[in-house]
Amino acid sequence: MRLELKGLTKKFGSFTADDDIDLVVEPGQIHAVLGENGAGKSTLMNMLYGILTPTSGEILIDGEPVAFGGPGDAIAAGIGMVHQHFKLVGPFSVADNVQLGREHATAGVLSAKAARKAVLDVSEEYGLKLDPDAICEDLPVGVQQRVEIVKALSGPKTQLLILDEPTAVLTPAEITELLQIMRNLAAAGTSILFISHKLKEVQAVADTITVIRRGKVVAELEPTASEAEMASAMVGRAVTLQVDKSPAEPGEARLEVQDLTVVSDAGVKVVDGLGLTVRSGEIVGLAGVEGNGQTELARSILGLIKPDSGTIAIDGKDVHGTSPAARIHDGLGYIPEDRGRDGVISEFSVAENLVLNQYRNAPFSKRGAVNASAVRKQAADSIAEFDIRTQSPDEPVSSLSGGNAQKVIIAREFSRPRRFLVAAQPTRGVDVGATEFIHSRLVAERDTGTGVLLISSELDEIYALADRIAVIYNGRIVGEVAPDTPREVIGRLMVGADIAPVQEPAPVEDDAGESSTDEPSAAADDAAANDEEANGGDR
Amino acid sequence: MSTDTQAPAADQPDADETPEQKPSFMRLFGRYLTEANSVMVTIYSLLLAFFIGGILLIVSDEYVRSTYTYFFARPQDALSASWYLVRDSYIALFEGAILNLSTLERYSAGTAEFGDLLRPLSETLTYATPLIFTGLAVGLAFRAGLFNIGAQGQMIFGMLGALIVGFALDLPPVLHLPLAVIAGALAGAAFGAVPGVLKATTGAHEVISSIMLNNIAALFLVWAIGTEFLHSETKSDLITKPVDESAVMPKLLSSLGESLRVNWALIIGVAAAVFTWWLLSRSTFGFRIRAVGFNEHASATAGMRIGSTYTTTMAVAGGLAGLAGAALSLGVGSSGVTTNTALEYGFDGITVALLGRANPGGIVAAALLFGALKAGALSAQPDVPVDISTLLQAIIVLFIAAPALVKAILHLRTPRGGLVTLEAKGW
Chain A
1 MRLELKGLTK KFGSFTADDD IDLVVEPGQI HAVLGENGAG KSTLMNMLYG ILTPTSGEIL
61 IDGEPVAFGG PGDAIAAGIG MVHQHFKLVG PFSVADNVQL GREHATAGVL SAKAARKAVL
121 DVSEEYGLKL DPDAICEDLP VGVQQRVEIV KALSGPKTQL LILDEPTAVL TPAEITELLQ
181 IMRNLAAAGT SILFISHKLK EVQAVADTIT VIRRGKVVAE LEPTASEAEM ASAMVGRAVT
241 LQVDKSPAEP GEARLEVQDL TVVSDAGVKV VDGLGLTVRS GEIVGLAGVE GNGQTELARS
301 ILGLIKPDSG TIAIDGKDVH GTSPAARIHD GLGYIPEDRG RDGVISEFSV AENLVLNQYR
361 NAPFSKRGAV NASAVRKQAA DSIAEFDIRT QSPDEPVSSL SGGNAQKVII AREFSRPRRF
421 LVAAQPTRGV DVGATEFIHS RLVAERDTGT GVLLISSELD EIYALADRIA VIYNGRIVGE
481 VAPDTPREVI GRLMVGADIA PVQEPAPVED DAGESSTDEP SAAADDAAAN DEEANGGDR
Chain B
1 MSTDTQAPAA DQPDADETPE QKPSFMRLFG RYLTEANSVM VTIYSLLLAF FIGGILLIVS
61 DEYVRSTYTY FFARPQDALS ASWYLVRDSY IALFEGAILN LSTLERYSAG TAEFGDLLRP
121 LSETLTYATP LIFTGLAVGL AFRAGLFNIG AQGQMIFGML GALIVGFALD LPPVLHLPLA
181 VIAGALAGAA FGAVPGVLKA TTGAHEVISS IMLNNIAALF LVWAIGTEFL HSETKSDLIT
241 KPVDESAVMP KLLSSLGESL RVNWALIIGV AAAVFTWWLL SRSTFGFRIR AVGFNEHASA
301 TAGMRIGSTY TTTMAVAGGL AGLAGAALSL GVGSSGVTTN TALEYGFDGI TVALLGRANP
361 GGIVAAALLF GALKAGALSA QPDVPVDIST LLQAIIVLFI AAPALVKAIL HLRTPRGGLV
421 TLEAKGW
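Printed below as a string of structure tokens:
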């Protein structure tokens, strides 16, 4: 299918989200659309998929102008979309999810056989291996995404696939695999529109790149373009992708976690005898696929969950039994991984969010009342210092972009004395410009002597910032390595592949890890099996 | 990020205001009227409720119904009968709640006192007073994300607390009345804290526990009135002892006429509304209530104690409901509390809080409206079915709770930021 957009424009009132966008996707081409958050990518895709109606301009499919009244029309015209957030019914099987909305049924009776066959047909045609009977919520994220892709391809005549930020939730191995799937699909004649802000992936897979900024097409690039070239086109100025930092000067231990075990409500050991030390003046990057105990570790450090065993000492003091408020007061900074859920109260104003964990302390509290003038002054200072783009301190945080909401959190945590900082996914959903800013603040924070634990599922971020890398898998630290360790080594550690042969320097684990040396290999076998299954999709 | 200004996120339709040309005031006002914002939805809900109420009045009146049997022969009969029925009913409500026109005539002719003229208003305020307290009790909890259905039970305990201090202690008025009022508030607070504690410690949902506690309170009241300690010494029916004269709420307008029942509880109610407003919007405790109400996860991450916030908020809410009980047992029920004294003020508080959108000012206004409906309906019976007040309240709340319905019926435009629905979280 050849898709052409001519002068596509979408206005919301006086605000132009997309302005005169021209774009051509040739049959079998992978066309990347690159842009920061809020550049107008999502609006563009929503118009293509019939969710929004363009203000002006037209969409042509194989030369014919089309008008979509809703996603149904787009699907009928041969467009399939894989959303950033999966739209799967967790407890349903793969086959049921794929047939959702166009069930195989005769006289109101579902045919499980036809549904299974449909899945197998598509997965065979495109080489996407799937078990039609597997329950979706039990599948790894990468396989769930494959279900989404098969679902999109199962449309009556899907010839164009829109992938909206498809790699955001994937592990490095899964990303490699997805990129291969994309190449295969394109080779089979499917056109792909690939939305992303990750430069490496775009470079690796795209045939042509369109960069949009503030709703306008600002550049058409070849995949041979350098990362710096793409980044500066996206942001509109030169961007330093490297973080300037001097070698770390680690001092005394600011966080000492020993033998920490957290058992989830379901009875699973989500953190399993974990030991970790972070010293003052260093950034320790905790790499790992999400869901391997990072969340529980961070929440235990803050005191939101009580560990089942083990100790946590912050700044040399055992914090057992102390409240989160006390730990915050004693200098624990905390940037939560889920900004919207744990970081900000989106209905509250910027000013209120900036004092969310200090509203009871002087000078923000005066005889039981909130001291509005002190809060206002704090807001004005923080907005200036951290370059928070908001119309006023009284605007609700919900009106801010992701990057600016994140800056609110960072400003809040950096505006009081701190000894140790947990930064979990500090740049998730944040644009390149704000990422650059946040990274430099984290390094500056390290240089003042704070110990920083950086939890990130983005290896690029870990490499950019960490002075030491610890890899977490299944609730335990499976390796502590130097920051110049090759990507493949860390990637293998992250999926629990047997660490012994790869690991040149002996893992800097404490006794806790060694007491159960038998288990990791069993876990590794498991992981290897998973790996094999996952790789099967490529062939 | 470059130096020029930040573009709004592309996914959010931004406001329609164009900075270049400023629309005239009348155009803006016109836009406002045709938009489904919270103020206009409230106003349209009221109008729609009276419209539907009118239809139901027509349907339920036997004579008017009979005129419709020959509608196609003489439609004017049916139409005029309907019109007069609806008009007269609403005039009767108005006269019972705000100003009686025939009394006004008699007053201008010199045959009625000024106090008689104020009687409907006094009745409205009398019925509104407990609603202010219970509305605040529900509204305050709403802001912490809690659905306090238990205001009825909290009020009953407040009633008993005030009553006991009111007759059992022997004190001068300057001490006795305040002490009785405080006893009512404390009793309500203690009972209100129970669902809060249960939620904080065991996770029991406050809706379930407070509904059950309402039943406990209602049955406890029946039993308590029958006990020797509380039961009237002179009467044989189920009524308590009267409170001492020194603990009775003084009437506000007794100098203008003994029939004007409105008393000092109204002033306390307005003061409670001002206090609640201050608490919510100015105090650090209110900051915590609102934070927890919007997002308990972020609040917990910021070091706030969620459980204790629930407990304290429920206790303060219970205290407010307890004041409603004190207003009743020291006011209209001062000659003895029966099982009927509490009516359904606690449950009506839920609708008042909804209509007032959990804002203290709005709650006072909503309480006045519901008080007026009650006073009007009681005075207009039996010409107008007394159920009309409950009916109108129900329809109003139905529309308020479903702004999309109002928007669809009247073809209103979606306001910036979408429709506002008030909801308690945690469901």
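Residue numbers (UniProt numbering), protein chains in the order written: chain A, 1 to 539; chain B, 1 to 427.
Every residue gets a Cβ at the ideal spot worked out from N, C-alpha and C, and that includes glycine.
- Message: Looking at chain A, is there any beta carbon in it that lies within less than 9 Å of the beta carbon of F275/B?
- Response: Taking the second sequence and counting its residues from 1, the one referred to as residue 275/B is at position 275. Output row for F275/B: interface = no.
Can you give the Cα-Cα distance for A225/A and G28/A, rounded to whole angstroms? Here residue 225/A refers to the residue found at position 225 when the first sequence is read from its first residue. Here residue 28/A refers to the residue found at position 28 when the first sequence is read from its first residue. Answer to the nearest angstrom: the Cα atoms are 21 Å apart.
- Query: Just how far apart, CA to CA, sit N148/B and S255/B?
  - Reply: Along the second sequence, read from residue 1 onward, the residue named residue 148/B stands at position 148. Along the second sequence, read from residue 1 onward, the residue named residue 255/B stands at position 255. Distance between the alpha carbons of N148/B and S255/B is about 39 Å.
### Message
When you compare the CB of A377/B with every CB in chain A, is at least one pair closer than 9 Å?
### Response
Within the second sequence, the letter at position 377 stands for residue 377/B. No, no contact with chain A.
Exercise. Out of A107/A, M234/A, I328/A, E227/A, state which residue places its alpha-carbon closest to the alpha-carbon of K216/A.
Key: Start at 1 with the first residue of the first sequence, and residue 216/A comes out as number 216. Looking at the Cα atoms, M234/A is the closest of the given residues.
State yes or no: is the C-beta of A162/B within less than 9 Å of the C-beta of V181/B? In the second sequence, the residue the question calls residue 162/B occupies position 162. In the second sequence, the residue the question calls residue 181/B occupies position 181. Yes, the pair counts as a contact, with Cβ atoms nearer than the cut-off.
List the residues of chain A whose Cβ lies closer than 7 Å to the Cβ of R282/B, in chain order.
As a first step, residue 282/B is located in the second sequence; it is residue number 282 there, counting from the start. Within 7 Å Cβ-Cβ: A369, V370.
For the ligand FAD, any of its heavy atoms closer than 8 Å to the Cβ of T201/B? Summarising the ligand content, the structure contains no ligands, and the ligand FAD is consequently not present.
Inter-stretch contact (C-beta, 8 Å, three-pair minimum) for the stretch 95 to 104 of chain B and the stretch 315 to 325 of chain B: no
* Is there a Cβ from chain A that is less than 9 Å from the Cβ of A298/B? -> Indexing the second sequence from 1 puts residue 298/B at position 298. Yes, its Cβ sits closer than 9 Å to a Cβ of chain A.
Give me the chain A residues within the contact set of residue 431/B, using Cβ-Cβ distance strictly less than 7 Å, ordered along the chain. Any answer about residue 431/B is impossible in this case: the structure gives chain B only from 1 up to 427.
**Prompt:** Roughly how many angstroms lie between the CA atoms of L276/A and T450/A, to the nearest whole one?
**Reply:** Position 276 of the first sequence, counted from the start, is the residue given in the question as residue 276/A. Position 450 of the first sequence, counted from the start, is the residue given in the question as residue 450/A. Straight-line Cα distance between these residues: approximately 16 Å.
What residues in its chain sit with their C-beta under 8 Å from that of V222/B, if we drop five residues either side in the sequence? As a first step, residue 222/B must be located in the second sequence, where it is residue number 222. The residues are L238, T339.
**Asked** I think L454/A touches A423/A, with their Cβ atoms under 8 Å apart; what is that distance to the nearest whole Å?
**Response** Against the first sequence, residue 454/A aligns to sequence position 454. Against the first sequence, residue 423/A aligns to sequence position 423. Indeed they touch by this definition, with Cβ atoms about 5 Å apart.
* Asked: If you draw a straight line from the C-alpha of T201/B to the C-alpha of V194/B, how long is it?
  -> If you number the second sequence from 1, residue 201/B lands on position 201. If you number the second sequence from 1, residue 194/B lands on position 194. Roughly 11 Å between the two C-alpha positions.
Notebook entry, point to check: What are the start and end residues of the alpha helix (DSSP H) that includes V64/B?
Noted result: Looking up residue 64/B in the second sequence gives position 64. Note, V64/B: alpha helix (DSSP H), 62 to 67.
- Message: Is it buried or exposed, P172/B, if we count other Cβ atoms within 10 angstroms and call 16 or more buried?
- Response: As a working mapping, residue 172/B is identified with position 172 in the second sequence. The residue is exposed, with fewer than 16 neighbouring Cβ atoms inside 10 Å.
Discussion item. Going by DSSP, what residue range makes up the beta strand (DSSP E) through R254/A?
Written reply: Mapped onto the first sequence, residue 254/A falls at position 254. First-last of the beta strand (DSSP E) with R254/A: 253 to 263.
* Which term fits A497/A, buried or exposed, when burial requires 16 or more other beta carbons within 10 angstroms of its beta carbon? -> Taking the first sequence and counting its residues from 1, the one referred to as residue 497/A is at position 497. Counting Cβ neighbours within 10 Å, A497/A comes out buried, since at least 16 surround it.
Discussion item. Among the candidates L161/A, G90/A, V150/A, whose CA atom is the shortest distance from the CA of E137/A?
Written reply: By one-based count along the first sequence, residue 137/A stands at place 137. When only C-alpha atoms are compared, the closest one is G90/A.
**Prompt:** Do you know how far the Cα of P324/A is from the Cα of L213/B?
**Reply:** Mapped onto the second sequence, residue 213/B falls at position 213. Mapped onto the first sequence, residue 324/A falls at position 324. Near 33 Å, if we compare the C-alpha coordinates of P324/A and L213/B.
**Request:** Note down the Cα distance separating A187/B from M159/B, rounded to an integer number of angstroms.
**Result:** The residue you call residue 187/B lines up with position 187 of the second sequence. The residue you call residue 159/B lines up with position 159 of the second sequence. Using only the alpha carbons, I get a separation of about 8 Å.
As a quick exercise: from T414/B, F370/B, D383/B, pick the residue whose alpha carbon is nearest that of A394/B. Start at 1 with the first residue of the second sequence, and residue 394/B comes out as number 394. A394/B has its Cα closest to that of F370/B, out of T414/B, F370/B, D383/B.
Practice problem: Assign Y63/B to one of two classes, buried (16 or more other C-beta atoms within 10 Å of its C-beta) or exposed (fewer than that). | Solution: As a working mapping, residue 63/B is identified with position 63 in the second sequence. By the 10 Å Cβ count, Y63/B comes out exposed.
Quiz prompt | T390/A versus A405/A: straight-line alpha-carbon distance, rounded | solution = Looking up residue 390/A in the first sequence gives position 390. Looking up residue 405/A in the first sequence gives position 405. Each residue's alpha carbon lies about 10 Å from the other.
Handout entry: Buried versus exposed call for M230/A [16 or more other C-beta atoms within 10 Å across all chains shown]
Key = Taking the first sequence and counting its residues from 1, one reaches residue 230/A at position 230. M230/A should be labelled buried.
Return no unless some Cβ of chain A is closer than 9 Å to the Cβ of A271/B.
For the purposes of this step, residue 271/B is identified with residue 271 of the second sequence, where counting begins at 1. By this cut-off, A271/B is not an interface position.
Cα-Cα separation between P13/B and F12/A, rounded to whole angstroms:
Within the second sequence, residue 13/B is the residue found at index 13, counting from 1. Within the first sequence, residue 12/A is the residue found at index 12, counting from 1. Per-residue confidence for P13/B stands at a pLDDT of 44, beneath the threshold of 50, marking its modelled position as unreliable; the derived number appears in the next sentence. Each residue's Cα considered, the two are about 5 Å apart.
Note to self: I want to know whether the stretch 151 to 158 of chain B touches the stretch 304 to 312 of chain B - three or more CB-CB distances under 8 Å.
What the structure shows: no
Check: Going by the CB atoms, is the gap between L34/A and V202/A shorter than 9 Å?
Finding: Counting from one through the first sequence, the residue named residue 202/A turns up at place 202. Counting from one through the first sequence, the residue named residue 34/A turns up at place 34. Result yes, Cβ atoms of V202/A and L34/A sit closer than 9 Å.
Note down, in chain order, every chain B residue with its Cβ under 8 Å from the Cβ of E458/A. Residue numbering aside, residue 458/A sits at position 458 when the first sequence is read from its first letter. Result: empty, since nearest Cβ-Cβ is about 20 Å, beyond 8 Å.
Which residue from I462/A, L163/A, V344/A, P71/A puts its Cα closest to that of L286/A?
Counting from 1 along the first sequence, the entry for residue 286/A is found at position 286. Per the Cα distances, I462/A.
What does A291/B touch in chain A if you count any residue whose Cβ is under 9 Å from its own? If you number the second sequence from 1, residue 291/B lands on position 291. Per Cβ cutoff of 9 Å: I345, F348, E352, L356, Y359.
| said: Residues of chain A with CB closer than 9 Å to the CB of N295/B, please, in chain order. | reply: The residue you call residue 295/B lines up with position 295 of the second sequence. Residues of chain A passing the Cβ test: G340, R341, D342, V344, I345, S346, E347, F348.
*asked:* For L30/A and G316/A, I'd like the C-alpha separation in whole angstroms.
replied: Stepping through the first sequence from its first residue, residue 30/A is reached at position 30. Stepping through the first sequence from its first residue, residue 316/A is reached at position 316. According to the sequence displayed, residue 30/A carries Ile and not Leu. Cα-Cα distance, rounded: 54 Å.
Would you please verify whether the beta carbon of S246/A is less than 9 Å from any beta carbon of chain B?
Working through the first sequence from its first residue, we reach residue 246/A at position 246. S246/A does not count as touching chain B.
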